[in-house]
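Written below as structure tokens is the structure these notes are about.
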Amino acid sequence: MNPSLHTEVTSRLLRDYGFKQRRAGEKLEDGKCPACGKKTLWAFGDKPWVVRCNRLNHCGAEYHIKDLYADLFESWSDRYQPTPENPKASADAYMRDGRGFDLDKVRDWYTQESYYSHELKIGSATVRFSLGVGVYWERIIDQAHRFGSRKANFHGSYGGTWWQPPTLNTAAVDELWIVEGIFDAIALQHHGIAAVAALSCNNYPSKALAALQEQLAALDRAKPTLVWALDADKAGTRYAKKWLTRCRDEGWTACAALPKQAGGKKRDWNDLHQLGVMDVADIEEYRYLGDLMAAPSAAEKARLIYRRGSASQFAFDFESKLYWFKLDIEALNREAHAIREAHEDMTEAEIRDEAMLKAGVVVNIATCLPTALYYQANALTDESWYYFRVEFPHDTAPIKNTFTSSQVSSAGEFKKRLLAIAPGAFYTGTNGQLDAYLKDQMHRIKSVQTINFVGYSKEHECYVFPDVAVKAGKLYALNEEDFFDVGRLSIKTISGSTGLSLNTDFKEFRKEWLELLWRAFGAKGIVALAFWLGSLFAEQIRHGSGIKHKSFPFLELVGEPGAGKTTLIEFLWKLCGRRDYEGFDPSKASLSARARNFAQVANLPVVLIEGDRGENGAKVKGFDWNELKTAYNGRSTRATGVKNGGNETYEPPFRGAVVISQNAEVNADEAVLQRIVHLYFDRSGQSPDSVAAAKALEQMPEEDVSGFLLAAILKEQDILESFAERMPVYQDHLAKHPDVKHPRLVKNHAQIMAMVDCLGHVLPLPKDYRDAAVRQLTTMTVERQQAIGADHPMVQEFWELYDHIESAEEDHAVLNHARGDGGTIAISLRHFEQVANDRRLNLPPLTDLKRVLRTSRHRKFMELRVVNSAINARHNADYPHAPKRPTTVKCWVFEDRSGNKGA
Numbered sequence: 007m008n009p010s011l012h013t014e015v016t017s018r019l020l021r022d023y024g025f026k027q028r029r030a031g032e033k034l035e036d037g038k039c040p041a042c043g044k045k046t047l048w049a050f051g052d053k054p055w056v057v058r059c060n061r062l063n064h065c066g067a068e069y070h071i072k073d074l075y076a077d078l079f080e081s082w083s084d085r086y087q088p089t090p091e092n093p094k095a096s097a098d099a100y101m102r103d104g105r106g107f108d109l110d111k112v113r114d115w116y117t118q119e120s121y122y123s124h125e126l127k128i129g130s131a132t133v134r135f136s137l138g139v140g141v142y143w144e145r146i147i148d149q150a151h152r153f154g155s156r157k158a159n160f161h162g163s164y165g166g167t168w169w170q171p172p173t174l175n176t177a178a179v180d181e182l183w184i185v186e187g188i189f190d191a192i193a194l195q196h197h198g199i200a201a202v203a204a205l206s207c208n209n210y211p212s213k214a215l216a217a218l219q220e221q222l223a224a225l226d227r228a229k230p231t232l233v234w235a236l237d238a239d240k241a242g243t244r245y246a247k248k249w250l251t252r253c254r255d256e257g258w259t260a261c262a263a264l265p266k267q268a269g270g271k272k273r274d275w276n277d278l279h280q281l282g283v284m285d286v287a288d289i290e291e292y293r294y295l296g297d298l299m300a301a302p303s304a305a306e307k308a309r310l311i312y313r314r315g316s317a318s319q320f321a322f323d324f325e326s327k328l329y330w331f332k333l334d335i336e337a338l339n340r341e342a343h344a345i346r347e348a349h350e351d352m353t354e355a356e357i358r359d360e361a362m363l364k365a366g367v368v369v370n371i372a373t374c375l376p377t378a379l380y381y382q383a384n385a386l387t388d389e390s391w392y393y394f395r396v397e398f399p400h401d402t403a404p405i406k407n408t409f410t411s412s413q414v415s416s417a418g419e420f421k422k423r424l425l426a427i428a429p430g431a432f433y434t435g436t437n438g439q440l441d442a443y444l445k446d447q448m449h450r451i452k453s454v455q456t457i458n459f460v461g462y463s464k465e466h467e468c469y470v471f472p473d474v475a476v477k478a479g480k481l482y483a484l485n486e487e488d489f490f491d492v493g494r495l496s497i498k499t500i501s502g503s504t505g506l507s508l509n510t511d512f513k514e515f516r517k518e519w520l521e522l523l524w525r526a527f528g529a530k531g532i533v534a535l536a537f538w539l540g541s542l543f544a545e546q547i548r549h550g551s552g553i554k555h556k557s558f559p560f561l562e563l564v565g566e567p568g569a570g571k572t573t574l575i576e577f578l579w580k581l582c583g584r585r586d587y588e589g590f591d592p593s594k595a596s597l598s599a600r601a602r603n604f605a606q607v608a609n610l611p612v613v614l615i616e617g618d619r620g621e622n623g624a625k626v627k628g629f630d631w632n633e634l635k636t637a638y639n640g641r642s643t644r645a646t647g648v649k650n651g652g653n654e655t656y657e658p659p660f661r662g663a664v665v666i667s668q669n670a671e672v673n674a675d676e677a678v679l680q681r682i683v684h685l686y687f688d689r690s691g692q693s694p695d696s697v698a699a700a701k702a703l704e705q706m707p708e709e710d711v712s713g714f715l716l717a718a719i720l721k722e723q724d725i726l727e728s729f730a731e732r733m734p735v736y737q738d739h740l741a742k743h744p745d746v747k748h749p750r751l752v753k754n755h756a757q758i759m760a761m762v763d764c765l766g767h768v769l770p771l772p773k774d775y776r777d778a779a780v781r782q783l784t785t786m787t788v789e790r791q792q793a794i795g796a797d798h799p800m801v802q803e804f805w806e807l808y809d810h811i812e813s814a815e816e817d818h819a820v821l822n823h824a825r826g827d828g829g830t831i832a833i834s835l836r837h838f839e840q841v842a843n844d845r846r847l848n849l850p851p852l853t854d855l856k857r858v859l860r861t862s863r864h865r866k867f868m869e870l871r872v873v874n875s876a877i878n879a880r881h882n883a884d885y886p887h888a889p890k891r892p893t894t895v896k897c898w899v900f901e902d903r904s905g906n907k908g909a
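See below:
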């Protein structure tokens, strides 16, 4: 190991796992194992390539240093720059430290070159191997994840050929291993195994084999045994069987070998070389695994398993079906005796094999192959599952789903669950056979952490979506077992209700929609986009290290019908891969449904629509906006009891951002109004051009724009650094404004201003767009300051009508039922409505008034109570012969701060 790399790795291991250095640093011991949590982790101090847990029977976890600290093995050109003395220093370092090879053996086999992607406009150094004249293969060595699925590059045609080490004479070996990759062949060469690389599993090296056969014939040498040792994935095993049959038909002696897999991660021969598991016993096991893979029948596979382990009964799979083998010991002894007498020339091993075939019984116990992949649990709800893959012997794609603990502990329940998730899959075995089959699979089974929402997990510092994850600016695809391998973290989301579809092909990400957004909505559209960007980092803004603002504002989009609010929100959702969705109506949702909507996303908006109305004018209580107060600080909006017999409660924090879209402004306490960034839309600025731009946004496919979300979160560090830098600048700017007094308004609007600047990390934001958005936010801050000190427009209209009617009568009150000069105003809304109608004045609808009158500030609402009516008492005294009015009336009572007269 390079000295500088050794120093860096050792310091990190000591820091992260608490190792103690023993024997003058020759060994690292007593580290905390990330798998079992015990202080049993160890590594060699001079070459800490692999760290292992000493609890072999209970844990046995092992991690290669590349998996623990991937960042140290990515930018080779930065860490090891070429020099005139060594122009391939980067390639040498990659081969030595990244692949674990002895440079004295391989130094002259490769060159250092470069690769440039014209599509992505990025480049990298490469390690290049020649495959012939004008033909080569090269491995990208500088942050290969930037190139997506392309980690290597071929030039020229290699069909029918192979790569062989320059020092290997294939005509002089008795056995020749054929592997997939060049690094696999080099790894085997390090252990004295002659190996060549077919370069891909579907490339049969027919030309190379024909050339070798001609060479052997000229030398009059026997053909070597071919060992097909392709990767242990589905494609590798499929082609290994196919090529094994083909080469035998061509006259070659052939067998197979298979790299052993462990921990749910794919391992090739280079991985096993780096893990140090390539000694004689290991190679023997890999040959045995290859023999099992290539077995021609279930009986032959059972014979191989029995020969190696001598178990009298066991479960095994063959061609995606599950079988049970049972050996009758008495019959075995009887058959062995008979064979021994009939064939005196046979060895004991041969006699035993022959007798086993006659005395052993192989029974099919499942028409499919169920495999336990890993254990997953939800610690908050105390639920857990085993995640299975069910494969079929026909061409039907495998099915993956969960089994509960009760379903894997009973043959009957297992059979029911299997039939429910995999049509036609039938289990006919017993409880004992099921236990025996699953026991080995579930011993030290992998655990995968789960989250029950979609988006950013603060605890794991990782964005987790159904098909893609992002951590520390790196993109991770869902693996074949339906979880994400993110360094040392294995994680997945068990929530699938959001319907996000993210396009990971950034070449398809179009950016001309920004101009359309500007033409359609102007500066307000840019402000809404900046808030949407900020919502993708709401958790970090509220609680992240270095920021910790403890809050993120709400966005309110209100205005006239047809002003474009729905078009804008649906387009913003397209940026996150959500099609034909605006939000949900909280007034039509139950309390539990609202709580689930708030809990199912993180660092994504929760959009509340039409929460300002009842249904068809009926007396339906609208949504109480005061429920949102705790969401502002990322706290829970609802608590529920956990069904576990204890006193525990489940209070999921709010992890997203709130967007409110409706026609009327939010009617709530001042504390809620202070939390809102308010955008008002009307039709006054609409033009043919803006309408055309809005229609273009409506018709734009989400596949073309959903890259916005990924492009943003991949720039997480840059955006948060810019936000932390710019937000205080805008906060000082707004705090000095003479018309802005409230610090919460300053903070909220400054946060969105800073996010306007951060848009430049994702899109080419023109300066005039940015400046207009900042001016718009300044205006919004001033207007919000005025709004929180003023009454609702409907309340203002109510009091204007009241003052107008009362001022028409100088000697007595017309609407105020309060007696004396008690400093109160008591108003019967039905009476008010009648008086207004008599005078041909338009009073706002009583249903709407009742929702907003409680927020009256100019004349503060006190209570709703029965009042001894001064107006009715005067009427009864003035008109003794008229029908008497009731002496008491139910009234809305307000403080009288304006000197209005009572009775």
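Every position in the sequence shown, counted from 1, becomes a number in this note's numbering once 6 is added. Even glycine gets a Cβ: it sits at the ideal position worked out from N, Cα and C.
- With distances taken between CA atoms, ASN92 lies nearest to THR117 out of LYS72, MET284, ALA76 and THR117.
- In the DSSP assignment, GLU562 falls outside any alpha helix (DSSP H) and lies within the beta strand (DSSP E) extending over 560 to 565.
- The beta carbon of VAL369 sits closer than 7 Å to those of TYR329 and TRP330, all from its chain and outside the five residues before and after it, given in chain order.
- Annotated three-state conformation of MET786 is helix, per DSSP.
- About 5 Å separates the beta carbons of ALA760 and PHE729, which is inside the 8 Å limit, making them a contact pair.
- Contact annotation: ASP288 and ASP237 have beta-carbon atoms that are not nearer than 8 Å.
- Ranked by Cα distance from TYR393, the first of SER875, THR402, ASP401 and PRO376 is PRO376.
- Scanning GLU514, PRO592 and SER642 for the CA closest to the CA of ILE666 turns up PRO592.
- Contiguous beta strand (DSSP E) elements confined to the stretch 215 to 256 occur at 231 to 234, taking only those with 3 or more residues.
- With contacts defined as CB atoms closer than 8 Å, GLY242 and GLU186 qualify as a contacting pair.
- Beyond the five residues adjoining it in sequence on each side, GLY647 comes within less than 8 Å, by CB distance, of GLU654, THR655 and TYR656 in the same chain, given in chain order.
- Distance between ARG548 and ASN754, taken at the CA atoms: about 12 Å.
- Check the Cα spacing between GLY829 and each of VAL899, ARG860 and VAL780: the tightest is with VAL899.
- For LEU281, the CB contacts under 7 Å within the same chain, skipping 5 residues up- and downstream, are VAL56, GLU68 and HIS70 in chain order.
- PRO611: member of the beta strand (DSSP E) spanning 607 to 615, first to last residue.
- The continuous stretches of alpha helix (DSSP H) do not include ALA372, which lies in the beta strand (DSSP E) extending over residues 366 to 372.
- Assigned with DSSP and collapsed to three states, THR499 falls in strand.
- Note on SER712: 16 or more other CB atoms within 10 angstroms of its CB, so buried under the neighbour-count rule.
- Secondary structure within the stretch 383 to 461: the beta strand (DSSP E) runs of 3 or more consecutive residues, fully enclosed, are 389 to 397, 405 to 409 and 453 to 457 (chain order).
- In this structure, GLY583 keeps its C-beta atom at 8 Å or more from the C-beta atom of LEU535.
- DSSP places GLN737 within a helical segment (H, G or I) once states are collapsed to three.
- Within the stretch 824 to 850, complete beta strand (DSSP E) segments of at least 3 residues are found at 830 to 833, given in chain order.
- When the five nearest sequence neighbours on each side are left out, the beta carbons in the same chain lying within less than 6 Å of the beta carbon of ALA700 are those of ALA526, GLY570 and THR573, in order along the chain.
- Considering only GLU32, GLY550, LEU78 and GLY640, the residue with the shortest C-alpha distance to LEU11 is LEU78.
- Residue range 713 to 720 is occupied by the alpha helix (DSSP H) that includes LEU715.
- Taking one beta carbon from each stretch, the stretch 307 to 327 and the stretch 378 to 386 have fewer than 3 pairs nearer than 8 Å; the two do not touch.
- The beta carbon of ARG641 lies closer than 7 Å to those of PRO659 and PHE660 in the same chain, with the five residues before and after it left out.
- As DSSP reads the structure, ASN159 sits in a beta bridge with GLU144.
- The Cβ neighbour count for ASP902, taken over all protein chains shown within 10 Å, is at least 16; the residue is labelled buried.
- Comparing C-alpha distances from THR373 to each of LEU424, ALA337, GLU518 and LYS890 shows the shortest one belongs to LEU424.
- PHE537 sits in a helix when the DSSP states are folded into three classes.
- For a cut-off of 8 Å, the C-beta gap from ARG102 to ASN208 is around 31 Å, too long to register as a contact.
- For CYS42 and SER453, the gap between their C-alpha atoms comes out near 11 Å.
- DSSP places ALA760 in the helix class (H, G or I) of the three-state scheme.
- Collapsing the DSSP output to three states places ASN878 in a helix.
- CA-to-CA, the gap between PRO472 and ALA30 works out to about 48 Å.
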